[in-house]
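In the working numbering, the protein residues as written are 13 to 120.
Built from N, CA and C at the ideal position, the CB exists for glycine as well.
Structure record follows, encoded as structure tokens.
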């Protein structure tokens, strides 16, 4: 058993970098900049829980997107397990998008 502890903030940054590689198929912006990620929790066992939403409840990737997020986060060496929870409370709105996303979509 090694004594090396991973800084959960560093791990959080790694997770965010992975999330920024996942795109909504209908919008050319990653799910992080779109504001679909509400929260990322990392416990001391390096189990990750991601609370996220979808642009709409009947989003065409409602089945596959959470799985993609889970798989990509699990692929990080420091992550022991990852679980994605989908919520529609609060519902997603364009207000949750980053400035970068709004620029990308010509909304600014």
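| Asked | Found |
| --- | --- |
| Exposed unless 16 or more other CB atoms sit within 10 angstroms - verdict on residue 47 | buried |
| Cβ neighbours of residue 54 in the same chain (closer than 7 Å, five flanking residues each side left out) | 20, 23, 24, 60 |
| Residue range of the alpha helix (DSSP H) that includes residue 27 | 20 to 31 |
| Residue 60 - DSSP class collapsed to helix/strand/coil | strand |
| Which listed residue (50, 51, 72) has its alpha carbon closest to that of residue 37 | 72 |
| Three CB pairs or more closer than 8 Å across the region 78 to 85 and the region 96 to 111 | yes |
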